[in-house]
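Before any comments, here is the structure.
Number of protein chains: 2
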Amino acid sequence: MPAADTLDRIDLQLLAELQRQGRLSNAELAERVHLSPSACLRRVQRLERGGVIAGYRAEVDPERIGLGLTAFVRIRLNHHDAAAVADFAGSVNDWDEVVACHALTGDMDYLLQVVAADLEHFSSFLLDRVLARPGVGDVNSSFVLRTVKAMRGLPLPAG
Amino acid sequence: MPAADTLDRIDLQLLAELQRQGRLSNAELAERVHLSPSACLRRVQRLERGGVIAGYRAEVDPERIGLGLTAFVRIRLNHHDAAAVADFAGSVNDWDEVVACHALTGDMDYLLQVVAADLEHFSSFLLDRVLARPGVGDVNSSFVLRTVKAMRGLPLPAG
DNA sequence: ATTGAAATGTTTTTAAA
DNA sequence: TTTAAAAACATTTCAAT
Chain A
1 MPAADTLDRI
11 DLQLLAELQR
21 QGRLSNAELA
31 ERVHLSPSAC
41 LRRVQRLERG
51 GVIAGYRAEV
61 DPERIGLGLT
71 AFVRIRLNHH
81 DAAAVADFAG
91 SVNDWDEVVA
101 CHALTGDMDY
111 LLQVVAADLE
121 HFSSFLLDRV
131 LARPGVGDVN
141 SSFVLRTVKA
151 MRGLPLPAG
Chain B
160 MPAADTLDRI
170 DLQLLAELQR
180 QGRLSNAELA
190 ERVHLSPSAC
200 LRRVQRLERG
210 GVIAGYRAEV
220 DPERIGLGLT
230 AFVRIRLNHH
240 DAAAVADFAG
250 SVNDWDEVVA
260 CHALTGDMDY
270 LLQVVAADLE
280 HFSSFLLDRV
290 LARPGVGDVN
300 SSFVLRTVKA
310 MRGLPLPAG
């Protein structure tokens with residue numbers, strides 16, 4: 001990706017604006033960064049094509065759709081051979097309740113962010129699906145009591 | 160919020176589409192859910208005004224903007240009085256490297272998701288800023304080796 | 001290589017049926 | 001809910017920097 005590697009001040013401004021308001025019109029965006037609409041559009045398209053902007057998404061409030069519980073679940077696998085790891089990754093991707101999953105350094109292999117309607121839903125997810133999987137070893141769940149800082153995009157050098 | 164509480168099949172379809180492609184045009188969206196553009200627009204606006212759709216954001220690839228390292232940092236506070244907790248929350252919101260922070264049940268009070276350019280950047284963030292704070296007790300960092308499942312929105316009952 | 005202005009076609013939006 | 005008109009917008013082309 002040639003052009004996407006050189007992000008100037010205006011590119012960073014565009015990213016900052018679009019991280020905050022992903023549906024800004026090109027006209028409005030152009031005005032905010034003091035560019036003509038055509039120049040602005042070409043820059044945004046370059047960012048999209050270059051993969052700097054990976055996509056756009058509506059942010060849905062979990063509470064409003066009946067997902068009142070968020071948990072972080074740390075999981076250690078008993079076996080670390082390629083097949084076991086691939087199997088686990090496949091399951092994680094199949095489980096709708098898992099909204100994000102990372103392989104981590106440290107004492108626990110995986111960190112899963114899980115959403116559920118309530119404790120009963122979470123419980124049956126954990127017992128009937130996660131723990132039912134062969135290869136899943138130590139499991140540790142923590143529930144979100146309060147969101148101190150909600151994901152609002154990445155820090156950008158100089159907006 | 161009266162109207163936002165009753166989400167029918169079509170509302171859920173709209174949310175599903177907009178979670179995947181937040182910049183879909185109203186015309187395209189209407190076609191996908193088999194609605195006239197005006198009916199579709201009114202539904203989307205109701206979801207926005209009711210807070211079901213909290214906003215729209217461009218998703219930026221951290222690697223492409225020089226943020227090669229993501230870490231999860233678990234932090235326990237020494238003091239749990241209201242002032243200490245509020246102070247900590249304030250700091251967390253000031254620290255650009257912290258992209259998300261939750262107060263959790265369990266043995267560690269807070270879980271922070273942190274992005275940094277590299278290990279040196281992360282190290283100075285942790286040593287000079289987090290650990291420099293009075294009141295911060297036990298700290299445990301794990302680094303993301305691989306993203307097994309990337310955040311792609313919430314599960315919705317029946318798309 | 002990147003910009004701004006003009007021209008074109010599309011979409012959103014309003015208002016009325 | 002649909003339709004039709006108006007306004008706003010996205011997008012392409014092209015000349016200029």
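Note that the protein sequences, when read in sequence, are chains A and B. Quick note: the first sequence uses the working numbering, first residue 1, plus one each step. Quick note: the second sequence uses the working numbering, first residue 160, plus one each step. Using N, Cα and C, we set each Cβ at its ideal position, and we do this for glycine too.
Close to chain A, meaning a Cβ-Cβ distance shorter than 7 Å, are the following residues of the segment 245-262 of chain B: A248, V251, N252, D255, E256, V257, V258, A259, C260, H261, A262. With respect to I53 (chain A), L315 (chain B) sits apart: the two C-beta atoms are not nearer than 8 Å.
According to the DSSP assignment, I169 (chain B) belongs to the alpha helix (DSSP H) that extends over 168-179.
In terms of beta-carbon proximity, V136 (chain A) stays away from the interface with chain B, with every pair separated by 8 Å or more. Counting every other CB atom within 10 Å of its CB across the protein chains shown gives L119 (chain A) a total below 16, marking it as exposed. Taking a 10 Å sphere around the C-beta of G22 (chain A), we find 16 or more other C-beta atoms and assign the residue as buried. Among the CB atoms of chain B, one or more fall inside 8 Å of the CB of P62 (chain A). In this structure, L206 (chain B) and P62 (chain A) do not form a Cβ contact; the two beta carbons are roughly 14 Å apart against a cut-off of 8 Å. Burial is judged here by how many other beta carbons sit within 10 angstroms of a residue's own beta carbon; A230 (chain B) has at least 16 and is buried.
If you check the CB distance, A217 (chain B) and Y56 (chain A) come in under 8 Å.
Chain-order list of chain A residues neighbouring T306 (chain B): A100, C101, H102, A103, by C-beta distance under 9 Å. When B:L188, B:A262, B:A175 are compared, the shortest CA-CA separation from L236 (chain B) is found for B:A262.
Using a Cβ-Cβ distance cut-off of 8 Å, the segment 33-41 of chain A and the segment 195-209 of chain B are not in contact, since fewer than three pairs of beta carbons, one from each stretch, lie closer than that value.
Bounds of the beta strand (DSSP E) holding F231 (chain B) are 228-236. Around the beta-carbon of A245 (chain B), fewer than 16 other beta-carbon atoms lie within 10 Å, marking it exposed. Closer than 8 Å to the CB of Q21 (chain A) there is at least one CB belonging to chain B. Straight-line measurement puts the Cα of G50 (chain A) at about 16 Å from the Cα of I10 (chain A). Counting the other Cβ atoms within 10 Å of the Cβ of D255 (chain B) gives fewer than 16, which makes it exposed. Just so you know, the alpha carbons of R129 (chain A) and R305 (chain B) end up roughly 23 Å apart. The beta carbon of E187 (chain B) is closer than 8 Å to none in its chain, skipping five residues each way along the sequence. Excluding sequence positions up to five before and after M267 (chain B), its CB lies within less than 6 Å of the CB of R233, R235, all in the same chain and listed in chain order. Rounded to the nearest angstrom, the gap between the Cα atoms of Q172 (chain B) and T165 (chain B) is 14 Å. In this structure, the alpha-carbon of A276 (chain B) lies about 16 Å from that of L286 (chain B). Distance from the CA of S250 (chain B) to the CA of H121 (chain A), rounded to the nearest whole angstrom, comes to 34 Å.
Around the beta carbon of L174 (chain B), a 10 Å sphere encloses 16 or more other beta carbons of the protein chains shown; the residue is thus reported as buried.
Pairing R20 (chain A) with H34 (chain A), the inter-Cα distance amounts to about 18 Å. If you draw a 10 Å sphere on the C-beta of S301 (chain B), you find 16 or more other C-beta atoms in it, and that means buried.
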